[in-house]
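Numbering (our numbering), first residue to last: 7 to 158.
Backbone N, C-alpha and C define an ideal beta-carbon position, used for all residues, glycine too.
Given the structure is predicted, the values throughout are model-derived calculations rather than measurements.
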Amino acid sequence: MSLNEVRIQTGDFDLSAEVARLRAANPKIGAIVTFVGVVRDLNEGAEVAEMELEHYPGMTEQSIAAIIEQARGRWPTFGALVIHRVGPLKPLDQIVLVAATAAHRGEAFAACEFIIDYLKTEAPFWKKEQTPEGARWVDARVSDDAALDKWR
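This is how it looks when you write it as structure tokens:
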């Protein structure tokens with residue numbers, strides 16, 4: 007049994023509950039690697055009071071599902087879960103959960119890192135930050151593109 011799931015939501019998620027649900031899905035799972043992204047209060051030298059994430063419904067889920075399938079084509083994973091929040095978020099709020107399951111840690115680590123690297127650059131999200139100077143749209147970072155290059 008494998009689990010591939012993508013959820014785009016405004017509400018928060020419970021990391022412990024999500025990991026427990028993944029573990030219950032398959033007794034052959036020997037490793038679950040998770041990544042949780044959190045809103046920072048500082049970006050590119052400016053204070054961030056709030057960040058708002060927008061997405062293209064339907065397209066976003068399909069894009070992330072395709073990223074998961076690419077990871078599964080590279081490593082023998084049992085599945086992956088991606089939860090990405092949208093809407094207004096404050097510093098310390100959780101933004102994204104990526105979890106990959108496999109029999110062994112190496113495959114789970116690689117798949118999790120691959121998924122978040124691709125998600126950061128390929129999934130259709132738009133990010134706007136509220137700073138003391140006003141609102142600004144956030145462009146993709148060079149470091150995100152460099153992280154993606156290692157998988158090509």
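Exercise for review: Would you identify the three-state DSSP class for Arg142, choosing helix, strand or coil?
Suggested key: Within the sequence shown, the letter at position 136 stands for residue 142. Shown here, Arg142 sits in a strand according to DSSP, grouped into three states.
Review point. At what residues does the beta strand (DSSP E) containing Arg91 begin and finish?
Key: Here the question's residue 91 lines up with position 85 in the sequence shown. 83-91 is the extent of the beta strand (DSSP E) around Arg91.
Check your understanding: On the three-state DSSP scale, how would you describe Lys133?
Key -> Here residue 133 is taken as the residue at index 127 of the sequence shown, counted from 1. Reduced to three states, the DSSP call for Lys133 is strand.
Practice item. Taking only the alpha-carbon atoms, compute the straight-line gap between Val45 and Leu9 and give it to the nearest angstrom. Key: As a first step, residue 45 must be located in the sequence shown, where it is residue number 39. As a first step, residue 9 must be located in the sequence shown, where it is residue number 3. So the two alpha carbons sit approximately 27 Å from each other.
Point to revise | Terminal residues of the beta strand (DSSP E) in which Arg13 lies | key: To locate residue 13, count along the sequence shown from 1; it is residue 7. Taken as a continuous stretch (DSSP letters only), the beta strand (DSSP E) holding Arg13 covers 9-15.
Check your understanding: In three-state DSSP terms, what is Leu28?
Key -> In the sequence shown, residue 28 corresponds to position 22, counting from 1. Helix at Leu28.
Check your understanding: Run through DSSP, which three-state label would Glu58 get?
Key -> Numbered from 1 along the sequence shown, position 52 holds the residue referred to as residue 58. Glu58: strand per DSSP, three-state reduction.
Check your understanding: If you run the structure through DSSP and keep just helix, strand and coil, what is Leu48?
Key -> Locating residue 48 in the sequence shown gives position 42, counting from the first residue. Shown here, Leu48 sits in a strand according to DSSP, grouped into three states.
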